[in-house]
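Numbering (our numbering), first residue to last: 153 to 418. Quick reminder that beta carbons are idealized off the backbone N, C-alpha and C, glycines included. Every value quoted in this text rests on a predicted model; they were computed, and no experiment measured them. Input: a single structure, listed below in structure tokens.
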């Protein structure tokens, strides 16, 4: 009898430990094609139409700035809490902004830097460096803004990956990750060497934060457990997820008409 009670208590404690406590703490109405990004502290930047807006961690609006001259913004990247990047695929430009949404530097024209067509870029942990994917030349470049004539390149990316389309790119913990249309995640070291390939079938979106992999599939958000290659549900389930981002214990999920902010304790 005592053994049964002990087993029950162990099972109960393990079950309780595995539970995830999540809570919706904010909501924004946004159009489906809106660019948004949260920095490492959880400050939120939204570029909708011709306006860039910053919200603090308490969801209070801090700054707004017209960005009409920048064209349509496709992505917002944070270098740190003091500086962000606005990337326009339409105009093939990117602009550095400070934490008050003032332009911190000139707008860079990617064609003038030798690129043909860039759909994706990512911030590097190395100062003044950015990963640029030139789709027209199937080339991945680590661009150094302080020395634009000195670049590290990975040529024939599609050939190396046997991939038709790269959909997502991010550097995390000194590793560059690429996620393609075949639902494969490729890992590169900072020298451009391929170090790992992982398969995530039926995954719609993928995010990596501090080495942890989060993904969207089957109308839910999951954390990938490397130790046993299983998926742990974050208990965020609804249809129409078109984007998400994890920042520390804050999770942002975009649906077709809104951006939801969750606090999750893993």
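For residue j and residue i, the rounded distance between their alpha carbons
i	j	result
residue 131	residue 214	No answer is possible for residue 131: it lies beyond the span of the chain, which begins at 153 and ends at 418.
residue 314	residue 226	26 angstroms
residue 218	residue 276	27 angstroms
residue 406	residue 415	15 angstroms
residue 365	residue 252	31 angstroms
residue 353	residue 345	24 angstroms
residue 372	residue 261	38 angstroms
residue 408	residue 198	15 angstroms
residue 351	residue 331	10 angstroms
residue 281	residue 290	19 angstroms
residue 311	residue 356	23 angstroms
residue 383	residue 256	41 angstroms
residue 394	residue 307	30 angstroms
residue 400	residue 360	11 angstroms
residue 329	residue 347	10 angstroms
residue 169	residue 385	The pLDDT assigned to residue 169 is 31, lower than 50, so where the model puts this residue is not dependable; a value taken from the coordinates is nonetheless given after this. Using only the alpha carbons, I get a separation of about 14 angstroms.
residue 387	residue 174	8 angstroms
residue 404	residue 221	28 angstroms
residue 381	residue 229	29 angstroms
Exposure label - residue i; buried when at least 16 CB within 10 Å
i	result
residue 391	exposed
residue 192	exposed
residue 413	buried
residue 203	exposed
residue 187	buried
residue 176	exposed
residue 115	This structure leaves residue 115 out entirely; the chain is present only between 153 and 418.
residue 206	buried
residue 181	exposed
residue 234	exposed
residue 190	buried
Inter-residue CB distance, residue i and residue j (contact presumed, cutoff 8 angstroms)
i	j	result
residue 402	residue 194	5 angstroms
residue 432	residue 358	Nothing about residue 432 can be reported from this structure: the residues present for the chain run from 153 to 418 only.
residue 295	residue 285	That belief does not hold up - the Cβ atoms of residue 295 and residue 285 are roughly 11 angstroms apart, past 8 angstroms.
residue 410	residue 179	6 angstroms
residue 317	residue 274	Their Cβ separation, rounded to whole angstroms, is 16 angstroms, which puts residue 317 and residue 274 out of contact at 8 angstroms.
residue 224	residue 210	Their Cβ separation, rounded to whole angstroms, is 29 angstroms, which puts residue 224 and residue 210 out of contact at 8 angstroms.
Would the stretch 239-255 and the stretch 269-277 be scored as touching if the rule is three or more Cβ pairs under 8 angstroms? Contact holds: three or more Cβ-Cβ distances are below 8 angstroms.
3-residue-minimum beta strand (DSSP E) runs that sit fully inside the stretch 362-390, ordered along the chain: Those beta strand (DSSP E) runs which fall completely within the stretch 362-390 and span 3+ residues are 364-369, 372-377 and 382-389.
For the stretch 179-224, list the beta strand (DSSP E) runs that are entirely contained and at least 3 residues long, ordered along the chain. 187-190, 196-200, 203-207 and 213-218
Extract the residue ranges of the beta strand (DSSP E) inside the stretch 255-296, only unbroken runs of 3 or more that lie entirely within it. 255-261, 272-275, 281-286 and 291-296
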